[in-house]
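Read through the structure below, which is laid out as structure tokens, and then see the notes.
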């Protein structure tokens with residue numbers, strides 16, 4: 125055994141991403157513009173929610189950028205998490221005949237979310253400036269938080285992918301789990317309205333911390349505090365420590381199964 | 002292993018499917034659920050190995066192990082060189098992309114850099130004869146064009162070892178010939194070839210050595226012409242001479258049915274090489290038909306046609322009238338040396354349409370005397386009288 129193609133990983137991930145990008149939009153009318161459809165829809169739905177339930181405004185933060193920041197970060201997280209298994213299984217053809225490292229396909233699956241979050245981030249900053257948020261040096265933390273969230277999503281995605289190759293249940297359930305996750309993450313409501321008995325759920329949810337840290341750095345000039353940062357980093361590490369070895373192990377046999 | 006050996010497979014076992022997730026549920030390797038059992042062989046650099054076997058014998062699994070996409074459960078595979086696997090030919094080709102983009106992608110996966118890919122591209126396009134199509138998306142291609150594209154990429158990937166899984170059966174005959182020539186050319190350039198096929202003839206033509214796999218084990222391993230002879234003589238199996246009789250009501254056959262063959266036989270119990278005998282068949286005609294043409298096709302056990310016995314007589318004595326009749330075909334000095342032959346009969350009206358067609362209506366077991374068989378080899382189909390002579394200068 126032990127024969128692996130000596131292909132530079134990133135170069136190949138780039139080639140796969142290029143292929144996916146091309147083939148994803150090749151037969152569509154609006155092309156890459158479709159990527160902006162989901163934040164617009166979520167924004168509309170959440171504004172409607174807020175009006176319907178009379179949710180309070182987050183302190184010191186204009187509503188529209190507040191919502192958009194949460195949506196952008198959550199969409200980034202959930203698209204990466206949801207893209208890894210499809211990305212890997214769509215490339216089973218290659219895996220079934222050539223011994224390439226399957227991590228390449230997981231990496232290339234993050235390409236599209238990375239591209240969109242960069243554009244969202246630019247839009248978000250413009251939007252914040254428009255709503256009178258003063259630019260601050262704490263904005264420099266934002267890309268790092270985005271990367272942290274990306275790594276967390278990837279770690280979870282590898283775990284989901286590995287389990288999904290054994291039994292597909294998790295793949296079927298994933299959209300529902302993600303939907304639930306969206307409601308236990310303070311995206312369209314400020315975290316302080318969560319009743320005291322459910323606070324623990326928020327405090328172990330790394331995405332809740334990530335969203336809060338992101339907003340604090342964007343709107344309130346706070347650098348991330350040690351505790352939420354620690355929880356998010358810890359969970360990311362845990363996801364990778366469990367997910368990656370399992371992924372490697374399962375993928376060795378994936379050519380036999382999928 | 003010696004320098005000359007490029008593939009060394011030692012005692013390889015392979016169980017299919019994922020091993021259980023939980024370690025305490027893993028079981029010891031059991032022979033029954035293994036796709037490959039104790040496989041060992043070596044291939045030298047520039048050599049070629051054919052792999053024969055029935056469906057499910059483990060041929061494709063073996064190629065996958067060699068390609069390195071799935072690990073063996075036991076044993077070792079040692080490979081010294083780069084491999085291009087031509088297994089699952091369409092796998093890895095993206096339907097939405099154009100042929101050119103697919104070449105670029107697969108070449109990237111193979112580890113080519115941009116410069117090398119640009120050099121490779123026109124060669125592949127030229128070889129695969131896809132000039133007008135190369136910038137069109139691949140989903141518009143016919144399956145033959147896809148195979149050509151994939152084959153073109155494979156042969157230009159400059160790998161040390163080619164794994165070929167029955168791909169030569171795709172594409173039209175001209176392209177198949179081209180592929181054969183290309184493979185011969187590559188063998189001369191010291192490319193090593195592993196070749197899975199169902200055709201023992203093709204295997205013998207291309208490969209130096211061969212393996213027969215049976216239920217995951219190596220059944221036979223050796224020189225390819227020897228393996229081919231054994232394969233062919235084994236595939237004859239237990240067949241014996243067989244005559245046929247049909248019900249008149251049997252209408253599942255092709256042809257108009259104005260005439261039906263109802264019985265076919267020969268006038269002997271056994272046929273011995275060199276015999277004279279007759280093939281006879283009885284028919285029933287529903288109406289007056291007039292003159293007919295008759296083709297009796299003789300095939301070997303792999304359905305390779307050997308010869309046709311053809312009647313196209315304008316003679317009035319062959320005019321078919323309503324009712325029963327018998328047609329007799331005399332054969333003198335039967336020179337075929339196949340152990341077993343299958344015979345098809347086809348009767349057509351002189352206007353061109355088929356009246357009746359029956360396949361394998363006769364199976365003849367032929368006794369070939371040993372002194373002839375040992376001269377021509379058991380895969381031969383016919384014996385020709387010949388004598389050699391030699392003229393040369395006497396050397397000092």
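Protein chains in written order, with this note's numbering: chain A, 125 to 382; chain B, 2 to 397. No residue lacks a Cβ here, since even glycine has one placed at the ideal position from N, Cα and C.
- Considered as a whole, the segment 280 to 337 of chain B harbours no complete run of any alpha helix (DSSP H) with no fewer than 4 residues.
- Contact with chain B is absent for residue 231(A), since none of that chain's Cβ atoms lies less than 8 Å from the residue's Cβ.
- Following the DSSP letters along the chain, one finds residue 54(B) inside the beta strand (DSSP E) bounded by residues 49 to 54.
- A direct Cα-to-Cα measurement between residue 158(B) and residue 108(B) gives close to 7 Å.
- Looking at 87(B), 264(B), 99(B) and 282(B), the one whose alpha-carbon comes closest to that of residue 219(A) is 87(B).
- About 6 Å separates the CB atoms of residue 279(A) and residue 360(A); that is less than 8 Å, so the two are in contact.
- Taking the C-beta atoms as reference points, residue 15(B) is found nearer than 8 Å to residue 74(B).
- If you check each beta-carbon in the segment 220 to 246 of chain A against every beta-carbon of chain B, the ones closer than 8 Å belong to 220, 221, 222, 223 and 224.
- Residue pairing from DSSP places residue 193(B) in a beta bridge opposite 162(B).
- As the crow flies, the alpha-carbon of residue 322(B) is around 14 Å from that of residue 348(B).
- Look at the segment 221 to 309 of chain A and you find no whole run of beta strand (DSSP E) that is 3 residues long or longer.
- Residue 148(B) has a beta carbon lying at 8 Å or more from every beta carbon in chain A.
- Nearest CB-CB separation between residue 65(B) and chain A: below the 8 Å threshold.
- By the CB criterion at 8 Å, residue 189(A) and residue 236(A) fall outside the cutoff.
- Beyond the five residues adjoining it in sequence on each side, residue 133(A) comes within less than 8 Å, by CB distance, of 225, 227, 228 and 231 in the same chain, given in chain order.
- Residue contact with chain B for residue 209(A): absent (no Cβ-Cβ distance below 8 Å to any residue of chain B).
- Cβ contact annotation for residue 299(B) (same chain, cutoff 6 Å, sequence separation greater than five): 307, 308, 342 and 344, in chain order.
- For residue 214(B), no CB of chain A lies under 8 Å from its own CB, so it is not counted at the interface with that chain.
- Distance check between residue 85(B) and each of 58(B), 9(B), 196(B) and 236(B) places 196(B) closest, using alpha-carbon atoms only.
- Interface with chain B (8 Å Cβ-Cβ cutoff): residue 217(A) is included.
- The CB of residue 135(A) comes closer than 8 Å to the CB of 109 in chain B, given here in chain order.
- DSSP places residue 223(B) in the uninterrupted beta strand (DSSP E) bounded by 218 to 224.
- Per the C-alpha coordinates, the member of 166(A), 349(A), 240(A) and 222(A) positioned closest to residue 265(A) is 349(A).
- Taking a beta-carbon distance threshold of 8 Å, residue 150(A) counts as an interface residue toward chain B.
- Minimum Cα-Cα distance from residue 315(A) among the listed residues 171(A), 194(A) and 285(A) corresponds to 194(A).
- In the pairwise beta carbon analysis, the segment 327 to 341 of chain A is classified as touching the segment 267 to 278 of chain A: at least three pairs are separated by under 8 Å.
- Taking residue 340(B) as the centre and dropping the five residues before and after it, the same chain places the C-beta of 234, 237, 302, 366, 367, 369 and 379 closer than 8 Å to its C-beta, in chain order.
- Between the segment 254 to 273 of chain B and the segment 288 to 298 of chain B there are three or more C-beta pairs closer than 8 Å, enough to call the two in contact.
- Judged by DSSP secondary structure, residue 341(A) falls within the alpha helix (DSSP H) whose first and last residues are 330 to 343.
- Straight-line measurement puts the Cα of residue 103(B) at about 15 Å from the Cα of residue 143(B).
- For residue 349(B), the enclosing beta strand (DSSP E) covers residues 341 to 350.
- Rounded to whole angstroms, the gap between the alpha carbons of residue 182(B) and residue 198(B) is 17 Å.
- Contact with chain A is found for residue 70(B), since one of that chain's Cβ atoms lies less than 8 Å from the residue's Cβ.
- Neighbours of residue 98(B) across chain A, judged by C-beta separation under 9 Å: 143, 146, 147 and 150.
- Contact annotation for residue 292(A) against chain B: no contact, minimum CB-CB distance about 13 Å [criterion: below 9 Å].
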